[in-house]
Every structure is written in structure tokens, then in C-alpha cells.
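What follows is a short report on a single structure.
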Amino acid sequence: MDGIKARRHIDAALALWRRRSVITWRLDLSILTDAGITVQQLPSAAQRAGIATATLTAERAVPRPSVSADAGEIVARIAIERGTAA
Numbered sequence: 008m009d010g011i012k013a014r015r016h017i018d019a020a021l022a023l024w025r026r027r028s029v030i031t032w033r034l035d036l037s038i039l040t041d042a043g044i045t046v047q048q049l050p051s052a053a054q055r056a057g058i059a060t061a062t063l064t065a066e067r068a069v070p071r072p073s074v075s076a077d078a079g080e081i082v083a084r085i086a087i088e089r090g091t092a093a
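In this text, residue positions in the sequence shown follow the working numbering: the first is 8, and each later residue adds one.
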């Protein structure tokens, strides 16, 4: 995959992530409970986004990418998190 195709692939993945991230998903864990697995009480759908942001920010000390972040910014943040940034 050349650089142009890689950039298109990353941009498409980021666009899909943005579309899906707008939705407040309801978790259906019935497949687990039907199998006899006890599921811990989960935060509400509205609370999960804030919890995820707070957890990632605290653990990585890297702010969440803005909605307007481009693929290059995302790749740079991943490199920082992995310790591979130049």
C-alpha cells in the first residue's frame, strides 16, 4: 500500500469512527447473561463517553483528538502513546 492509499484508508476509517461515535450505543449483553455469565452493573450510555475520555486522559495524559482532527494528527498521537514519535 503506497502513501496515498494509506492516507485514504486512514481517512475513511476516521470518517467511519466519527459517524459511529455520534451515536450513543446501548449495550446488549444478553448473549453473556443468557450463557450464565454475571455482568457487572454498567454506567449508562450517557455516562460512558465521559468515563472513557477521563480514563484515557488520565492514563495517557494525551487529550482526545478533536472532531476536526485529521488522520495525520491521529497517527502522531498514536506514535506518542506508543513511544515511537520522532
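A virtual CB, placed ideally from N, CA and C, is assigned to each residue, including glycine.
Just so it is clear, the structure is predicted and the values come from calculations on it, not from any experiment.
Since residue i is in the alpha helix (DSSP H), which residue starts that stretch and which ends it?
i: Leu-21; result: 10-28
i: Gln-48; result: Premise fails: Gln-48 is in no alpha helix (DSSP H) and is neither H nor E.
i: Ser-37; result: 37-41
i: Arg-89; result: 78-89
Beta-carbon within less than 7 Å of residue i's beta-carbon, same chain only, minus the 5 sequence neighbours each way: which residues are those?
i: Leu-49; result: Leu-34
i: Ala-53; result: Thr-31
Can you find the residues in the same chain that come closer than 8 Å, C-beta to C-beta, to residue i, ignoring five residues on each side of it along the sequence?
i: His-16; result: Met-8
i: Ala-56; result: Thr-31
Contact defined as beta carbons within less than 8 Å: I believe residue i pairs with residue j. What is the distance between those atoms, to the nearest angstrom?
i: Asp-18; j: Ala-78; result: 5 Å
So, does the segment 20-40 touch the segment 59-68, judging by three or more C-beta pairs under 8 Å? no
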